[in-house]
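This report concerns only the one structure given below.
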Amino acid sequence: MTRIDAKFAELKAAGKKAFVAYVMAGDPDYDTSLEVVKGLPGAGVDIIELGLPFTDPMADGPTIQLAGQRALEGGMTLQRTLDMATEFRKTDDTTPIVMMGYYNPIYNRGVDKFLADAKEAGIDGLIVVDLPPEEDEELCIPAQKAGLNFIRLATPTTDDKRLPKVLTNTSGFVYYVSITGITGAAAAQAADVGPEVKRIKAKTDLPVIVGFGIRTPETSREIASVADGAVVGSAIVAKLAEGETPAQVLDFVRGLADGAHSA
Numbered sequence: 028m029t030r031i032d033a034k035f036a037e038l039k040a041a042g043k044k045a046f047v048a049y050v051m052a053g054d055p056d057y058d059t060s061l062e063v064v065k066g067l068p069g070a071g072v073d074i075i076e077l078g079l080p081f082t083d084p085m086a087d088g089p090t091i092q093l094a095g096q097r098a099l100e101g102g103m104t105l106q107r108t109l110d111m112a113t114e115f116r117k118t119d120d121t122t123p124i125v126m127m128g129y130y131n132p133i134y135n136r137g138v139d140k141f142l143a144d145a146k147e148a149g150i151d152g153l154i155v156v157d158l159p160p161e162e163d164e165e166l167c168i169p170a171q172k173a174g175l176n177f178i179r180l181a182t183p184t185t186d187d188k189r190l191p192k193v194l195t196n197t198s199g200f201v202y203y204v205s206i207t208g209i210t211g212a213a214a215a216q217a218a219d220v221g222p223e224v225k226r227i228k229a230k231t232d233l234p235v236i237v238g239f240g241i242r243t244p245e246t247s248r249e250i251a252s253v254a255d256g257a258v259v260g261s262a263i264v265a266k267l268a269e270g271e272t273p274a275q276v277l278d279f280v281r282g283l284a285d286g287a288h289s290a
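Here my numbering is used: the first residue of the sequence shown is 28, the next is one more, and so on.
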């Protein structure tokens, strides 16, 4: 059982929905980013999604693209992202960390070395958005053998024919993308999301967490009420881009977490 599995079991026993927060590692700089990451569990975050900066982030909207650019310009690398996880683990051994990014930096490091290093750093799961199920032998299956969850995205365009393929070898949870398009684009609508979550849950026992288009505590609550939890990324990253302090960012996160937990 991974930390992700344990967290969902704990939430289920408490009758609570999950709140997942995404931050870009190294944005706006390493120290500020680490301070925010360390503060997330205290702000009510159940699972941390740690963005791996990459030069060509195809699924990310402008807010997260710019965060990645700032991080890269500040000297952030895959190694420093792992270092951040290692540093976080010195004071928190229970909050799950999911690394979210693209395959190129992992391929460049070498899959076996990356998986060993990620496991040692305390990473619990991976979301690699540019590796479809057809490429499972590349990273997904080795990751699961190494004890890491491999979390897949399902979208409004994942039809009933495609869905079983997407769910094969997926573990930890299913990340349902509430809108068509990139992060931070349109607002998520519970009325649209609810039936889709039911459709996915009819095919899997995994929790279904919904992200993209969630910016307020109200939307966080509405979306969590029709799923197993909510993910917020761009709205949090935007606060850092506006120059808010870690304390201010964490206050904002607390409101979003409270929204999801009140569902």
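Beta carbons are placed, not taken as given, at the ideal position from N, Cα and C, and that holds for glycine.
Burial check for Q275: the Cβ neighbour count within 10 Å stays below 16, so the residue is exposed. Taking every protein chain shown into account, the CB of I178 has 16 or more other CB atoms within 10 angstroms, so this residue is buried.
Put simply, the backbone Cα of D151 is about 15 Å away from that of P68. Residue environment for Q92: buried (at least 16 other C-beta atoms within 10 angstroms of its C-beta). Just so you know, the alpha carbons of P123 and H288 end up roughly 17 Å apart. Counting only runs of 4 or more residues that sit fully inside the segment 177 to 210, the alpha helix (DSSP H) segments are 190 to 194, in chain order. Within the segment 239 to 264, the runs of beta strand (DSSP E) that reach at least 3 residues and sit entirely inside it are, in chain order, 256 to 259. Closest option to P160, judged by alpha-carbon separation, among Q216, L38, L194 and A52: L194.
Annotated three-state conformation of E76 is strand, per DSSP. When rounded, the separation of the alpha-carbon atoms in D32 and V220 is 23 Å. According to DSSP, residue pairing for L153 in a beta bridge involves M126 and F177. Contact check between the segment 53 to 64 and the segment 111 to 130: three or more CB pairs, one atom from each, fall below 8 Å, which counts as touching. Between the C-alpha atoms of G128 and P80 there is a straight-line separation of about 7 Å. The secondary-structure analysis by DSSP pairs V47 across a beta bridge with I74 and V258. For L61, the enclosing alpha helix (DSSP H) covers residues Y57 to G66. Between the alpha carbons of A48 and L277 lies a gap of roughly 11 Å.
Contact between P222 and G256 fails: their C-beta atoms lie close to 18 Å from each other, not under 8 Å. Distance between A170 and G137, taken at the CA atoms: about 12 Å. Distance between K172 and E147, taken at the CA atoms: about 14 Å.
Annotation: V237 to A218 spans about 13 Å, alpha carbon to alpha carbon.
A distance below 7 Å between beta-carbons, with the five flanking residues on each side excluded, links A290 to the following residues of its chain, in chain order: K44, R248, A251 and S252. Nearest to D186 by C-alpha distance, out of Y203, T272 and G95, is Y203. Distances from the alpha-carbon of A94 to those of E271, A52 and V259 put A52 closest. In this structure, A284 sits away from V125, with a CB-CB distance that is not shorter than 8 Å. Apart from the 5 residues on each side of it in sequence, P244 sits with its Cβ closer than 7 Å to the Cβ of G282, L283, D285 and G286 in its chain, given in chain order.
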